[in-house]
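Following: one structure in structure tokens, then a few remarks.
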Amino acid sequence: MALFEKSRLVFASRKDIKNVLVADGAPTEGKSRHNKDLLPTPPQDRTWKWTHYFAYYLTSTFSPSGYNLGASLISMGLLWWHCMIAAVIGSGILTVGVILNSRGAAKYYIGFPVYVRAAAGIRGASLYILVRALVATIYFSTQTYYGGRLLSVLMRAIFGNGYYNIPNHLPTSAGITSRDLLSFFIFWIIQFPVMFIHPKVLRHLFVVKAIYTTIALFGVLGWAISANGGTIGDFSFDTDKPRLSGTALIWPTISAINSVMGALAPLLVNQPDIARYSKSFTATTWSQGLGILSSKTLVMFLSTATTSAATGVLGKSYWNVWDLYDAILTRYWSHGARAGIVFSSFGMILATIITNAGSNSLPVGADITGIFPKWLTIVRGQCLCAILAPLLVPWKIIANATSFLTFLGSYTVFLMPICASMIVDYWIIRKGNFHIPSLYVLHPEKPYTYYKGWNIRMLLAWVSGIAFTVHGIAGSLNPGSVNVASTNMYKLGFVLSFLMGGFVYYLLSLLWPPKILPSIDHHSSVSTFEALAANEGFFEDETLTNITGELPAAGSETEHATSSAMSHD
């Protein structure tokens, strides 16, 4: 329906207003839980190539929070090369998880809110969708705060110190100045239009981000080395934390690995939200692994090396990228320095906006669509995420390094059992076979209905994974409040919660086998791994009408996609 026609209907009647608000493709009758964004991705929208997935993960850490992670790890008493080791090990583990959790979505072209229904149940999926959406909204909020800080630097470099010296009328207890609060909302307004971009076309922004931000970060490193007499420095930082050595390094290093993995844990869970747009299955394999490994190690090196060289020039270690840029402007107030900071700060602002779009607002938009399919689309959900962001007061969340690392670790404990159950369900329990029409209907004869729409196996697995490690949060926030064993288990939160959640789900599925297909007549269709993937999850006598109840136009791409077998890599 044309935009003009929709606008006209708004003023017609209450019924017409309701019809305008209903999401495209949502059913007006029946119990099917779908809309256009929840249906399998049609062929014309499967446009992401390996370059886009590589750029997506390469730049996943090219943001202020990724840059600042090195500072948080150094503040624990680690040396720079300890941080590099943590980045390599953490990236390797993440790579395995990302590839395992993307295969099903790349084969069946469904996003996280539909994908998770297979393991969680039609109704149970809503719980895990809310958990994931909450994490993404918090991260969106903190990234927006970072973007505001960078915008303050950009405004100073362009317009001089007038903006920088705006009087502060807020009390210290507010945790933010008037200038930074203004910058926060200006940045929020600037990035809001990006919320209207659908993920199927968002891929181009990641390529732009990969090129521009990489040049900007290396440019600042090059300046720092040049200003420091052509040397990176000795990686000595002015921190109050004594340098650790010997056995004292073991648990801080493990905690660092957990933090590295925790930073990308949300992307690991909702990997199907981007894998569903793959042009070919192979596009989601090695390219993502290479992107993750390159991203973590590169940004960890750039942040520590730049800070080391800049420390020799400025006499102080600046880990927050906006503090570093501010210090450069204060020390070198010249046209050249201001131009360089404009280029660099704009690159980080661009990176922050695109990171928010691809890693935070997209998961919220894609996921909560699964809870309210009649009213919400991906774009509407993305806008809702942006609206909620200021209400979370992000400057309070990231007040210090300890709370930031605790934040990274705590939500990992809640997300990893979800991811583990999804992987075990797809690879082991169902042997790669999803019956797509059953993922949209709550009916006793359907395999994903379980008990009144809830898979109790996954619920118990999720609770077990959390309970196994969550008791250590108190020890991280208040050292000494719990025993050493609890604290150390929490430092392994990513791995332990994942393993416990996956093990419990597997064990319960063995003792209490779930239904795989809706009809015994079709059980011969899943005699091999991913047998149903040949028809993208449909039996030979099924089409998209088994989900929508509406017959697509003859010869349409959608009809072709769901009524005949398609080639797969």
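Following the numbering used here, the residues of the sequence shown are numbered contiguously, the last one being 1065.
For glycine and all other residues, C-beta sits at the position ideal for the given N, C-alpha and C.
For clarity, every value in this text was computed on a predicted model and none was experimentally measured.
Residue of Tyr821, Asn951, Pro768, Leu794 minimising C-alpha distance to Gly566: Leu794
Residues near Ala833 by beta carbon distance below 7 angstroms, same chain, minus five either side: Ile824, Leu825
Straight-line Cα distance separating Leu938 from Met996: 29 angstroms
When Val966, Thr965, Ile849 are compared against Ala706, the one with the closest alpha-carbon: Ile849
Length of the line joining the Cα atoms of Val610 and Tyr936: 8 angstroms
Cβ-based neighbour list, Ile919, same chain, cut-off 8 angstroms, excluding 5 preceding and 5 following: Gly593, Leu596, Asn597, Gly998
Segment limits, alpha helix (DSSP H) that includes Trp782: 782-810
Local Cβ density within 10 Å of Gly1037, reported as buried at 16 or more and exposed below that: The sequence as given places Asp at residue 1037; Gly does not occur at that position. When all chains shown are included, Asp1037 counts as exposed.
Through-space distance from Asn984 to Thr749, alpha-carbon basis: 11 angstroms
Inter-residue Cα distance where the pair is Asp533 and Ala601: 14 angstroms
Reduced DSSP category for Ser982 - H, G, I as helix; E, B as strand; rest coil: helix
Contact under 8 angstroms by Cβ, Gly644 with Phe688: no
Runs of alpha helix (DSSP H) wholly within the stretch 866-894 (minimum 4 residues, chain order): 874-884, 890-893
Cβ pair Ala709, Met844 closer than 8 angstroms: The residue you asked about is not Ala; residue 709 is Thr in the sequence shown. In contact: Thr709 and Met844 (Cβ atoms closer than 8 angstroms).
Close beta carbons around Thr908, own chain, < 6 angstroms, minus the five adjacent residues each side: Gly758, Ala761, Gly989, Phe990
Residues sharing a beta bridge with Ser774, DSSP: Trp544
Asp891 and Gly671 closer than 8 angstroms at C-beta: Residue identity differs from the one stated: residue 891 is Trp in this sequence, not Asp. Yes, the pair counts as a contact, with Cβ atoms nearer than the cut-off.
Thr807 vs Gly726 beta-carbon contact at 8 angstroms: no
Sub-8 angstroms separation of Ser679 and Ser637 beta-carbons: no
8 angstroms Cβ cutoff met for Thr591 and Leu789: yes
beta-carbon Ala957 near the ligand ZN non-hydrogen atom, thresh 7 angstroms: This structure lacks the ligand ZN; in fact it carries no ligand of any kind.
Stretch pair the stretch 954-967 + the stretch 612-624: three plus CB contacts closer than 8 angstroms: yes
Where the alpha helix (DSSP H) containing His831 begins and where it ends: 831-851
Inter-residue Cα distance where the pair is Ser906 and Ala712: 32 angstroms
Helix, strand or coil at Tyr549 according to DSSP, with G and I counted as helix: helix
Trp851 versus Ile662 - alpha carbon distance: Just to set this straight, residue 851 is Thr in the shown sequence, not Trp. Cα to Cα, Thr851 sits roughly 29 angstroms from Ile662.
Contact under 8 angstroms by Cβ, Pro869 with Ala629: no
Nonlocal neighbours in the same chain, by C-beta distance under 7 angstroms from Lys942, ignoring five residues either side: Ser934, Pro1014
Check whether Gly787 and Leu554 have beta carbons under 8 angstroms apart: yes
Where Asn951 falls, given that 16 or more other Cβ within 10 Å makes a residue buried: buried
CB of Arg652 within 8 angstroms of CB of His548, strictly: no
Pair within 8 angstroms by beta-carbon distance, Gly949 and Arg619: yes
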